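Number of protein chains: 4
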Amino acid sequence: MSEAARRLSYGSYLKVDRLLSCQEPESLKTGAPAHDEMLFIIVHQAYELWFRQILHELDRIQADFAARTVADEHLGRINAGLSRIHEILKLLVGQLDVLETMTPAGFLEFRDLLTPASGFQSVQFRLIEARLGLHDDARIRIDEQSMRERLAPEDRDKLSADTNPSLLSQLDAWLARTPFVALGDYSFRESYRVAVIAALQRDATSISADPALPEPQRQADTAAIEQALARFRALFEPDATTSTWRMSARAIEAALFISLYRDMPVLQLPFRLLQALMDIDESLTLWRLRHALMVERMIGVRPGTGGSSGSGYLKATAEKHRIFIDLFHLSTYLLGPRDLPALPDALRRRMGFSYGAA
Amino acid sequence: MSEAARRLSYGSYLKVDRLLSCQEPESLKTGAPAHDEMLFIIVHQAYELWFRQILHELDRIQADFAARTVADEHLGRINAGLSRIHEILKLLVGQLDVLETMTPAGFLEFRDLLTPASGFQSVQFRLIEARLGLHDDARIRIDEQSMRERLAPEDRDKLSADTNPSLLSQLDAWLARTPFVALGDYSFRESYRVAVIAALQRDATSISADPALPEPQRQADTAAIEQALARFRALFEPDATTSTWRMSARAIEAALFISLYRDMPVLQLPFRLLQALMDIDESLTLWRLRHALMVERMIGVRPGTGGSSGSGYLKATAEKHRIFIDLFHLSTYLLGPRDLPALPDALRRRMGFSYGAA
Amino acid sequence: MSEAARRLSYGSYLKVDRLLSCQEPESLKTGAPAHDEMLFIIVHQAYELWFRQILHELDRIQADFAARTVADEHLGRINAGLSRIHEILKLLVGQLDVLETMTPAGFLEFRDLLTPASGFQSVQFRLIEARLGLHDDARIRIDEQSMRERLAPEDRDKLSADTNPSLLSQLDAWLARTPFVALGDYSFRESYRVAVIAALQRDATSISADPALPEPQRQADTAAIEQALARFRALFEPDATTSTWRMSARAIEAALFISLYRDMPVLQLPFRLLQALMDIDESLTLWRLRHALMVERMIGVRPGTGGSSGSGYLKATAEKHRIFIDLFHLSTYLLGPRDLPALPDALRRRMGFSYGAA
Amino acid sequence: MSEAARRLSYGSYLKVDRLLSCQEPESLKTGAPAHDEMLFIIVHQAYELWFRQILHELDRIQADFAARTVADEHLGRINAGLSRIHEILKLLVGQLDVLETMTPAGFLEFRDLLTPASGFQSVQFRLIEARLGLHDDARIRIDEQSMRERLAPEDRDKLSADTNPSLLSQLDAWLARTPFVALGDYSFRESYRVAVIAALQRDATSISADPALPEPQRQADTAAIEQALARFRALFEPDATTSTWRMSARAIEAALFISLYRDMPVLQLPFRLLQALMDIDESLTLWRLRHALMVERMIGVRPGTGGSSGSGYLKATAEKHRIFIDLFHLSTYLLGPRDLPALPDALRRRMGFSYGAA
């Protein structure tokens, strides 16, 4: 242990003095200090600290994904990183509980002093969105301007340097490489197609065979089966021009396989990974709505300091800025246990651990 | 203490045996028990227990409000009741954290067995919405049917018996009776109108007087002032045919008065009451979105068991089924401390406590 | 709006660059970066930000209390400040959820580099404790050293400058001034003493009169009544040499009065204030235990980096470092509604609002 | 789908009517209904519902563990079950947030009516404790009676039927069977012993070699190394008569191995399992303290309705009724990455997946 380390103190390690020199309320400069401005500053600074941590986790997760093959040894820590991001996002929602102890009138005491600064300009948050996979052209435009056009030039540069490829595209590539969906004679796609058709036909037969079923119900049930059939057909024969999926057909197929056979030892961590991505998408969405409601409560229908439409804009992002939405929609295509085709034994063995192999 | 009471035990007091006889998984009857169905039942039963508690709180709150004048002695317990409802709603969001430990495939093992039962049919939840103030005609319709039309006849009856008047209309009547907004010579409406116009004129003057302001900015700022003026005019001279307010003009006026002069002793609890109602509206909205996301995750874009469009319907309720939205919009109309007119001394004294009166 | 303000940006307002320059992992300097050290730094810096906010709230709360009489206009904002501190403390517990995503092995990668820095040295946290009312001599000693002795000299100075008087002593003085406990003919102490004795005698009589009561139960019940009587006697005639109360007898008496007659308009906010102080005490205690468990999980029974006994020390602080414990113990002395003496009418009127006075 | 299922409604599926017939406030029978008694009943019934769910999860987890070898296919669902229990326990803490909206005076309105019923008598909670692994003789005694002696005879029977073996003992047996800790030439115990001694000797040498180190510091550092050596010796050569471990030496050794080499594919889920058990132990402990604080707040230092010492007893259980404490203490024995011996290549291969085997 070096002499320097021996002298390390809590304050010097954490740069507490510098950290506590970062709060400079604008209202203080006007001579009419607004009590709640400190809270406003602190909560946003705490956000920036946590954004930094999220980016730090994404650094390792994306580096692990960037390898030609994602090492089995790394899946555990990828999942741990995603879980940590999820926990952080839950905390960020909790921070709004604190911010909401500010009243609208308390906010009004200093709000005008902040124009035209706006939370919109948080470069770290834009980076997180972009690195997760929110594409510029999927973003809601404000006054017909894209997000990038509304940023200061230097912030725009920071954003461009560091966002390629996104986690979503890395995930796509990784899923598309899943070896088990087509191995030797086995084709998951074929096996599943057969099972789906069999299940739907059985349902159709049981409807025809039920004399007690009132005619309107019979028609409704039959229509539902036709719809289901159409949905599955679109899944198996995706048409690039009409598809609403963001991920590639191969990735969707693999994600479905993982969800269905999640108990196979080799799929347990990949399944957990897909769940963690949905957790992140969901908690981000909840944070957006919560943020929108808080803004609505603070300023009503006034426009935001940065010129956006305020709470309306934020609500729209909760609706539209979903990143891993495909994983949510995947549930539409799950067959229940009664209909799920069994995996061939040889495949099952390959999906187990070495030590257990005969 | 009676003999009977002496023999009271935890189990007999809480009817634990009866309570634990209420879980009858459908999948058990089919001979293929689905592990997660118990969770599904338990979480919904826990919801119903908490709904009962919310209704119990509304019973007292609404009885207190039903008095010709709401007793000052009761304001504390009304606020306590509203805070309790808020805490319960937060807990209900937390219950979704537990429910989300169920995977879509786990749900699929028993989901079909539940048709056509649907969470939509929770009479207690419909009652809570109605008693808070969600009007039937403000509700989203499903397949062109109103909520009532979709309920079973006996449930419809339960709903009709017990929802008049709603807390929203009681609140409106109570606010409209606030004595201080017009007392002797003092008229809050006049006093505030003058202050608003003065503030907006000052802003307009400072824009004209700034030679450095680029012309487009000057136009934008001027337009913003015009808009603000129009907003305030609509507040002071509400036109019944175009108004988007749900509450009466007198109630809106009083709520604004309370928000502005919230530190006056007599207004501190009423202000807290308005905040508590917004807390409830907000947490109910968050629960709706959270519920919608969970459903999306569980079943994708399939329709709900009860025939609704599933997660899409639930998302729409988060957007549209707001009850105390007027209180959120009120923030639009607050003046900052620099512009807020002072209350006359005589009025201030009347708004204080007896013991302090000269 | 000045030119300067017009140019304000999110980054310049919040000093984002400076804020994000405060993270300097020690492990980076050794050439073997430990991934989790960033989390360790961020979470502690987030703590320091929130500690600053707590101190900011205490600034105003204590200033409001420092006035000769606490203005009725200020009670609302005092309560709001205490509620905000409570929300912050809940958030700090939530931060441990994030920190616990670090594994013990992850911590071990950099822990030795931090010696002898220790969370013990957080001056802001020591200040919060001291300003709330944790006295130096009530603190647990480490290696027979007091907390101050273990701090660096410059930190000791910061601590001394700013902690007198504590919120606990301000609360005591404020409670002791409560006018209503003895007003004209009315003495709460006398009135309550009579009611307590009557209630206990009634219980004793009903025990004697119950022939079915088994002798051991009779003796136990009688002993319980004797104990209760002794407890109340100690409350009414506090003996400075044996009292375990930290607050003065007059303050205890007033706090009891407020708790019993909390619905009186003039007491509603004071009652809420006492509850808020208990909320703070409780959430601080929970944070301490949670912290202790996390440390136990991270380092087992090793000593802390700063030389304390690690998790054992922290657990002891959860037990002993209670500040508003008297308020919790007060519940021991409440009479139920059946036994509570009514307030004289004249007193009731004085405890209402001016506008309602005849 | 059968006719019966088609007629299933929300109310009939969930037995809503029966569920809502279980709330019978005692105070109602006395003619003086206490408003808060409903909350008291509801919160306890919600607890019992969730306890049932925890027991349902334990049923499957323990059945999976009861197999001669725990199937790799089942590890994912065991972990999911433990995570669900953890989420439920967090929810139960949240329920106390709701219960604490009751004031002590509100509780006093009906508390006496409940004697001698007591939360102590919750058979389901006693079952959860016992099935997790809290042994009767490790429990705190009340009035020199064991927990079982204080239960009613019929409750005692329920408890005896269903608690053998506990999850703790199943965990012990499973860990003790871990194949990798001694395989062919490889002995984890030997390999780790060598590494520990080498690391401690290196530290000792660096202390001797540092001329700048003040003598008292040198002595303290040397003593710390001696202590560490003694700790490790006790780990490797456990003495049954002095050991404070609850688990067997083989189980401890395997748990340490898993914690150290957690990134090996075959150990990732076992590591997650150990973490989940600590999560459960920790959240149970937090619930106990939180419960104790709430009781202290409600009744001060009065005894509990069931005759226990009230909050003091509950605090003691938070301290003593720890179940998986050994896993926490394990962290004491981890070596950092610099000192951790590498696994032999052949062993590493056996700990990977089949598909990757050469």
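Listed in order, the protein sequences are those of chains A, B, C and D.
Each residue of the first sequence is one higher than the one before, counting from 1 in full-length UniProt numbering.
Each residue of the second sequence is one higher than the one before, counting from 1 in full-length UniProt numbering.
Each residue of the third sequence is one higher than the one before, counting from 1 in full-length UniProt numbering.
Each residue of the fourth sequence is one higher than the one before, counting from 1 in full-length UniProt numbering.
Cβ atoms here follow ideal geometry from the backbone N, Cα and C, with glycine treated the same way.
Note that this is a predicted model, so its numbers are computed, not measured.
Start-end ranges of the alpha helix (DSSP H) lying completely within the region 246-307 of chain B, minimum 4 residues: For the region 246-307 of chain B, whole alpha helix (DSSP H) runs of length 4 or above, ordered along the chain, are 249-260 and 265-299.
Compare the C-beta of D:A5 with all C-beta atoms of chain B and state if any pair is closer than 8 Å. Bear in mind that the predicted position of D:A5 carries a pLDDT of just 44, short of 50, making it too unreliable to give a figure here.
Give the C-beta separation of D:K315 and D:L289 to the nearest angstrom, bearing in mind that I take them to be a contact with Cβ-Cβ under 8 Å. Yes, they are in contact, since the Cβ atoms of D:K315 and D:L289 sit about 7 Å apart, within 8 Å.
Tell me, please, whether the region 83-103 of chain D touches the region 264-280 of chain D by the rule of three or more beta-carbon pairs shorter than 8 Å. yes
Report back the beta-carbon spacing between A:G356 and D:D72 to the nearest angstrom; my notes put them in contact at under 8 Å. 7 Å
Flag this pair as touching only if the region 53-64 of chain B and the region 28-40 of chain D have three or more C-beta atom pairs under 8 Å; answer yes or no. yes
Rounded to whole angstroms, what's the CA-CA distance from C:E226 to C:E253? Just pull it up for me. 22 Å
Other residues of its chain near C:I323: CB distance less than 7 Å, five sequence neighbours each side excluded: L132, G133, L134, L168 and D281
Within-8 Å CB hit, D:P265 to chain A: yes
Selected residue, minimal CA-CA separation from C:L334, among D:P104, D:D59, D:Q45 and D:D155: D:P104
If we count the other Cβ atoms within 10 Å of its Cβ and call it buried at 16 or more, is B:G184 buried or exposed? exposed
Within 7 Å of chain C by C-beta, residues of the region 72-89 of chain A in sequence order: A80, S83, R84, E87 and I88
Name the residue from A:E100, A:I142 and A:D326 whose alpha carbon lies nearest to the alpha carbon of A:M247. A:D326
Cβ neighbours of C:M1 in the same chain (closer than 6 Å, five flanking residues each side left out): In this predicted model, C:M1 has a pLDDT of only 40, less than 50, meaning its place in the structure is not dependable; the value taken from the coordinates is given anyway. So no residue of the chain qualifies.
Along the chain, where does the alpha helix (DSSP H) that runs through D:F232 open and close? Counted as a single uninterrupted DSSP element, the alpha helix (DSSP H) harbouring D:F232 occupies residues E215 to F236.
Reducing DSSP to helix, strand and coil, say where B:A358 ends up. Low per-residue confidence applies at B:A358: pLDDT is 45, beneath 50, and the placement is therefore not dependable, though the value from the model is reported in the following sentence. Three-state result, B:A358: coil.
Along the chain, where does the alpha helix (DSSP H) that runs through B:L59 open and close? A small correction: the amino acid at residue 59 of chain B is Asp; Leu does not occupy that position in the sequence shown. Here the alpha helix (DSSP H) through B:D59 covers E37 to A66.
What residues in the region 291-323 of chain A bring their beta carbon closer than 7 Å to a beta carbon of chain B? Interface annotation for the region 291-323 of chain A against chain B: L293, E296, R297, M298, I299, G300, V301 and R302, criterion Cβ-Cβ distance under 7 Å.
Tell me, please, whether the CB atom of D:P9 is closer than 8 Å to any CB atom in chain A? The residue you asked about is not Pro; residue 9 of chain D is Ser in the sequence shown. Chain A contact via Cβ: absent.
Boundaries (first-last residue) of the alpha helix (DSSP H) holding B:K320: It spans S311 to K320 - the alpha helix (DSSP H) in which B:K320 sits, taken as one unbroken run.
Where D:E190 and D:P341 are concerned, what is the direct C-alpha to C-alpha distance, given to the nearest angstrom? 11 Å
Just to make sure I have the definition right: I need the residues of chain D whose C-beta is within less than 9 Å of the C-beta of A:S187. Which are they? Residues of chain D passing the Cβ test: none, with the nearest at roughly 17 Å.
On a Cα-Cα basis, can you pick out the residue from A:Y261, A:V301, A:T317 and A:S259 that is closest to A:L284? A:T317
Only counting the same chain, and skipping five residues up and downstream in sequence, which positions put a Cβ closer than 8 Å to that of A:V93? S283, L286, W287 and R290
As a quick exercise: from A:M102, A:P303, A:A199 and A:V295, pick the residue whose alpha carbon is nearest that of C:E57. Of the listed residues, the one whose Cα sits closest to C:E57 is A:M102.
D:H35 at chain C interface by Cβ criterion, 8 Å: no
Measuring straight from C-alpha to C-alpha, what distance separates D:R231 and D:T332? Straight through space, the alpha carbons of D:T332 and D:R231 are spaced by roughly 9 Å.
Please go through the region 110-195 of chain C and give each complete alpha helix (DSSP H) segment of 4 or more residues, from N-terminal end onward. 123-132, 147-150, 153-161 and 167-176
8 Å CB neighbourhood of A:A5 in its chain, flanking five on each side removed: Any reading at A:A5 is ruled out, since the residue's pLDDT is 43, under 50, leaving its predicted position unreliable.
If you drop the 5 nearest sequence neighbours on each side, which residues of the same chain put their C-beta closer than 8 Å to that of C:E100? Closer than 8 Å at Cβ, skipping near neighbours: M294 and R297.
Classify C:N79 as buried or exposed, calling it buried when 16 or more other Cβ atoms lie within 10 Å of its own Cβ. buried
If you draw a straight line from the C-alpha of C:M264 to the C-alpha of B:P179, how long is it? 20 Å
Which value, in whole angstroms, describes the spacing of the CA atoms of D:Y192 and D:P344? 13 Å
Neighbourhood of C:F271 by C-beta distance below 6 Å, restricted to the same chain and skipping five residues each side: I258 and R262
Interface residues of chain B facing C:P179 [CB-CB closer than 8 Å]: Around C:P179, the beta-carbon contacts reaching into chain B at under 8 Å are Y355.
How big is the Cα-Cα spacing for D:V43 and B:Q201? 56 Å
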